[in-house]
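The structure under discussion appears below in the form of structure tokens.
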């Protein structure tokens with residue numbers, strides 16, 4: 077009965093979102109357009125002039141677009157799983173109010189995670205559409221890059237939410253964005269091939285969840301899927317998401333049980 081009860085918590089977040097969705101639509105639409113335009117067409121025009129052999133023979137736009145899809149999913153996950161979770165305990169106390177209902181802490185967590193997944197899926201769907209509209213996709217398999225991006229986002233959202241509910245000071249999130257999100261975007265093969273990195277840093281990059289998301293989305297968008305590698309990427313992200321869901325149920329119980 078865990079997930080049916082979680083759906084009730086999800087409906088609470090959906091009710092709130094129906095009041096504020098207009099403000100989030102603009103960032104969801106303009107963000108991918110700006111990234112694809114600036115990186116794909118702006119910087120891409122300079123990169124393409126010097127040859128694309130290091131990019132696998134594709135344009136920089138085709139190379140970077142699916143990586144932007146994966147990194148945008150990560151960004152959405154971090155935004156939804158950090159301050160909103162902290163605020164639900166400290167500021168608006170949505171979680172505290174939910175404790176007065178039949179919902180258990182694990183239901184509250186799973187319901188909020190369902191909402192985070194919806195937000196990730198919405199933004200990823202828009203970004204995927206823009207990739208297709210801008211001519212950056214090289215294969216119909218780009219359609220599968222959408223669920224791949226959602227899985228990438230979930231692999232971040234679940235463990236971050238499990239941590240965020242225990243955070244005491246909001247300043248902690250500044251470290252998350254500065255020292256986790258930014259390095260991951262820069263050193264996970266998003267904007268340039270990992271072959272350009274020193275060997276030791278390349279090994280670290282291969283161990284990051286964003287690299288697996290970028291690699292999976294890129295292989296699908298370019299139509300260059302190596303099945304064992306793709307299955308490995310999916311397994312890595314799925315295990316991380318599952319561990320986050322397991323940890324979240326326990327950390328919410330620890331924080332909300334009084």
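Numbering (my numbering), first residue to last: 77 to 334.
A virtual CB, placed ideally from N, CA and C, is assigned to each residue, including glycine.
Next on the checklist: Give me the residue from 302, 116, 92, 142 with the minimum Cα distance to residue 290.
Outcome noted: Per the Cα distances, 142.
Next on the checklist: Can you find the residues in the same chain that come closer than 8 Å, C-beta to C-beta, to residue 272, ignoring five residues on each side of it along the sequence?
Outcome noted: 130
Checklist entry - Helix or strand or just coil, what does DSSP make of residue 77? => result Since pLDDT at residue 77 reaches only 48, below the 50 mark, its modelled position is unreliable, and the value read off the structure follows with that caveat. Residue 77 falls in the coil class under three-state DSSP.
Item to check | Backbone CA spacing between residue 158 and residue 138 [nearest angstrom] | outcome: 31 Å
Checklist entry - residue 136 and residue 119 look like a contact to me (Cβ under 8 Å); what is the Cβ gap, rounded to whole Å? => result 7 Å
Item to check | Delimiting residues of the alpha helix (DSSP H) encompassing residue 276 | outcome: Element bounds for residue 276: 275 to 282.
Checklist entry - Can you tell which of 105, 148, 91 has the C-alpha that lies nearest to the C-alpha of residue 188? => result 91
Checklist entry - What are the boundary residues of the alpha helix (DSSP H) that residue 244 is part of? => result Note, residue 244: premise wrong, no alpha helix (DSSP H); not H, not E.
Checklist entry - Roughly how many angstroms lie between the CA atoms of residue 165 and residue 246, to the nearest whole one? => result 11 Å
Checklist entry - Using DSSP with H/G/I as helix, E/B as strand and the rest coil, what is residue 199? => result helix
Next on the checklist: What residue range does the alpha helix (DSSP H) around residue 327 cover?
Outcome noted: DSSP places residue 327 in the uninterrupted alpha helix (DSSP H) bounded by 303 to 332.
Checklist entry - Hey, is the segment 227 to 238 in contact with the segment 303 to 315, meaning 3+ C-beta pairs nearer than 8 Å? => result By the Cβ rule, the segment 227 to 238 counts as touching the segment 303 to 315, because three or more pairs are nearer than 8 Å.
Next on the checklist: Between residue 182 and residue 300, how many whole angstroms is the CB-CB distance? I'm expecting something under 8 Å.
Outcome noted: With a Cβ gap of about 40 Å, residue 182 and residue 300 do not count as contacting.
Checklist entry - Quick one: is residue 126 buried, meaning 16 or more other Cβ sit within 10 Å of its Cβ, or exposed? => result exposed
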